[in-house]
Each structure stands twice: as structure tokens, then as C-alpha cells.
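Numbering (my numbering), first residue to last: 321 to 675.
Here's what the structure looks like:
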């Protein structure tokens with residue numbers, strides 16, 4: 321799964337990205353330092369992995385992961401060519417969700433493109449640029465759809481035109497497309513458009529070292545915090561400690577809880593859950609959507625597992641760890657045999673049988 325990181329220049333996007341991925345990328349106190357998209361794979365923190373690995377004396381642990389994509393900062397008027405323009409937005413059209421970094425710290429040594437720290441104004445600027453980018457996409461799509469209309473009126477094309485025009489109207493009114501109520505069938509049509517404003521949003525409020533937002537700023541952000549998944553992170557502090565070992569962090573009485581919260585929030589926002597496979601060779605986390613049935617979950621490991629699916633042997637990770645291994649769990653009758661209609665649960669430990 322991919323998360324695209326957006327924001328104005330100098331809000332801490334690249335600093336945060338470095339902290340997330342431990343990648344050494346260009347970071348400087350001037351706009352548009354990031355001129356090519358950076359991407360990095362981030363491990364999803366999950367304390368259950370270590371517990372399972374210890375129980376089964378696994379040789380290695382393989383966590384779940386999310387890919388983060390960082391693009392150049394957007395400025396007001398990007399759609400008309402200001403700054404580097406919307407050319408970089410194409411790099412995040414394929415992502416599954418958008419993380420919007422908003423600066424809520426004051427620092428006279430770090431310039432703000434608008435002159436002063438104004439989180440609500442920054443959010444509006446980015447939203448408008450994403451809206452303008454999507455409007456351009458919809459205009460092109462409408463031209464193409466209308467060109468496909470035949471004299472006899474193609475019903476499916478007409479339905480597509482109706483959906484596109486409804487989204488276009490929503491955007492023109494200043495609302496994101498993800499606020500529009502669509503049927504499941506309409507969502508499939510919209511998904512093909514890869515619109516930026518239909519994606520789930522996460523707000524990352526980049527704070528100072530205190531880790532809090534000043535009261536005068538916070539009161540203006542209450543609506544955003546209540547409406548969207550949000551996390552507070554001090555990008556500067558997280559970046560400075562990103563390369564420290566767990567032991568060094570303990571000595572400094574510091575943890576990377578801000579980044580852990582961000583990664584977990586991203587995972588939750590995408591409606592993802594984790595199931596495990598665990599044995600002497602490895603303990604591994606597998607990512608699936610909520611509501612995934614056992615055969616499709618098996619297919620994440622290998623397509624043959626889904627095609628030849630017979631049954632799944634399911635153990636709760638907590639039972640496995642608490643009772644002390646598969647043999648003990650089996651003796652207590654806590655291994656469940658599940659068929660093709662079983663919906664996987666977060667924390668399931670699975671063994672799939674297939675033909």
C-alpha cells in the first residue's frame with residue numbers, strides 16, 4: 321500500500337520522510353528542494369510479531385510495510401504554473417491515501433512561503449490545488465466520454481458522464497470528491513479516474529519539540545481534527561533520533577511514538593488488518609483488507625493457495641503466545657478449521673491447506 325505525502329514547502333515533509341524511512345535525502349531551508357519524488361518502504365510496528373517469533377523460536381521476523389511517497393512542495397497557484405506546478409502530482413495519483421503535512425510550529429529561522437504560520441490557510445491552499453488538478457482531469461475525461469457517445473445514446477457512457485459531472489460540480493463548489501456519496505458501482509467507475517480528492521486523507525501536524533499545538537492555533541483546527549484521522553509529530557525531533565538504536569532511545573528516555581502513531585493511523589485509514597504465519601523458519605505479517613475471506617487471504621501469499629484452497633487452520637495469536645505453542649493450543653482444542661466463507665480477523669495465525 322502507498323501513502324502520498326503532500327504539503328507546502330518548508331512544512332517539514334522531507335524531514336518527516338527522512339525520519340520515516342531513515343533515508344538520507346536532500347533537506348534544505350528553501351522551497352522546492354525536493355524536485356524528484358522520493359519513496360521508501362516503512363515497517364508497520366507490531367509487537368505481536370516478536371511475541372509470536374519467541375513462542376515459535378522463529379529464525380527471522382518479516383513485518384508488514386507501507387510505501388511512502390514524498391513529492392515537491394505545492395504553493396498557491398501551482399495549477400497555473402507557480403512554483404514547480406502540478407507536474408509532481410502525477411507521482412501520487414496511484415497512492416491509496418494522502419498524508420497532508422501541516423506546519424503548526426513557529427520558527428523565525430525557517431521561512432514560511434505565506435509569510436506566517438497559518439495551518440487553516442495552508443490546508444485550504446493544498447485542497448484547492450488538488451481540486452484544480454482533479455478538475456483538469458475531469459475536463460479531459462468529459463471530452464473523451466462525449467466523443468464516445470453514439471447517435472443511439474450509449475447508456476453506460478451517459479451514466480459515466482453523469483458521475484463525472486456530479487464530481488465536477490462538487491469540486492467547483494470547493495469540496496473534496498471524497499465528500500460525495502456514491503454507490504458501490506459508481507465508486508468502481510470513479511476509482512478508474514485516479515482522482516486525488518477521492519482518496520482518504522490523514523493530517524500530520526508537525527509540532528515543535530514540546531509536541532503540542534499552541535492554543536490559538538489549535539482552536540482553528542478542531543473541525544479538521546474531528547473530521548479526519550490526525551496525528552501530532554515533531555518531525556525535527558523524530559529525524560534527529562531516527563538513527564538511534566532502541567537502547568540509545570531508552571537511555572534518553574525517548575520513544576518514536578509519533579511515527580509509530582502515524583504508521584498505525586495510515587494502516588487503519590486504509591482499512592487494513594494483519595494476519596500471521598509463524599513457524600521455526602519465520603514469523604511474518606500479511607496485509608489484507610478488512611472483510612477478506614480465507615481463500616483471498618491465502619492468495620496474498622501465493623495465487624496457487626487461493627486457487628486450490630481447501631481449508632484454513634486458524635489460531636488466535638494471543639492464544640498461541642499465552643498457551644505456549646501450537647501443540648499446547650491443539651491439545652486445548654483452540655485450533656479452528658475454517659472454510660471458504662471464513663472472514664479473516666486481525667491477529668489470526670493461519671495455516672492454509674490447498675490442493
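Note that beta-carbon positions come from the ideal geometry of N, C-alpha and C, so glycine has one too.
Identify every residue that forms a DSSP beta bridge with residue i.
i	result
residue 628	BP columns for residue 628 are empty, so no partner.
residue 609	592
residue 673	631
residue 658	632
residue 327	BP columns for residue 327 are empty, so no partner.
residue 523	420, 550
residue 393	DSSP output for residue 393 lists no bridge partner at all.
residue 663	613
residue 277	The structure shown does not extend to residue 277, since the chain is modelled only from 321 to 675, so the question has no answer here.
residue 585	Its beta-bridge partners do not exist; DSSP assigns none.
residue 668	636
residue 517	For residue 517, which the question treats as bridged, DSSP gives no partner whatsoever.
Closest to residue i by CA distance: which of the options is it?
i	options	result
residue 645	631, 659, 669, 629	669
residue 328	491, 524, 511, 634	524
residue 367	480, 476, 359, 384	384
residue 438	613, 537, 568	537
residue 497	627, 535, 457	457
residue 412	421, 459, 388	388
residue 594	360, 358, 337, 364	364
residue 410	647, 540, 326	326
residue 610	616, 592, 620	592
residue 440	499, 543, 462	543
residue 451	514, 427, 491	491
residue 579	545, 370, 505, 556	556
residue 547	533, 499, 564	499
residue 321	362, 336, 334	362
residue 552	629, 533, 598	533
residue 612	342, 561, 341, 660	660
residue 550	562, 564, 522	522
residue 651	658, 635, 665	635
residue 653	633, 511, 598	633
Over what stretch of residues does the alpha helix (DSSP H) that includes residue i continue unbroken?
i	result
residue 447	439-468
residue 334	333-341
residue 619	614-621
residue 533	Here residue 533 belongs to no alpha helix (DSSP H), and DSSP marks it neither H nor E.
residue 412	No alpha helix (DSSP H) contains residue 412, which DSSP labels as neither H nor E.
residue 643	637-643
residue 557	555-561
residue 568	566-571
residue 730	A question about residue 730 goes unanswered here, because the residues of the chain that appear run from 321 up to 675.
Using beta-carbon positions only, say whether residue i and residue j come within less than 8 Å of one another.
i	j	result
residue 378	residue 566	no
residue 375	residue 640	yes
residue 297	residue 674	Absent from the structure is residue 297, since the part of the chain shown begins at 321 and ends at 675.
residue 509	residue 487	no
residue 581	residue 386	no
residue 330	residue 425	no
residue 324	residue 421	no
residue 519	residue 663	no
residue 559	residue 392	no
residue 619	residue 638	no
residue 454	residue 516	yes
residue 465	residue 447	no
residue 603	residue 372	yes
residue 513	residue 584	no
residue 526	residue 423	yes
residue 369	residue 617	no
residue 648	residue 629	no
Which residue marks the beginning of the beta strand (DSSP E) containing residue i, and which one marks its end?
i	result
residue 390	385-390
residue 650	Per DSSP, residue 650 belongs to no beta strand (DSSP E); it is in the alpha helix (DSSP H), 646-651.
residue 361	358-363
With a threshold of 7 Å (Cβ to nearest heavy atom), would residue i be considered close to the ligand SAM?
i	result
residue 387	Among the components modelled here there is no ligand, and therefore nothing to report on the ligand SAM.
In chain order, each alpha helix (DSSP H) run of at least 4 residues that lies wholly inside the region 476-515: Those alpha helix (DSSP H) runs which fall completely within the region 476-515 and span 4+ residues are 504-511.
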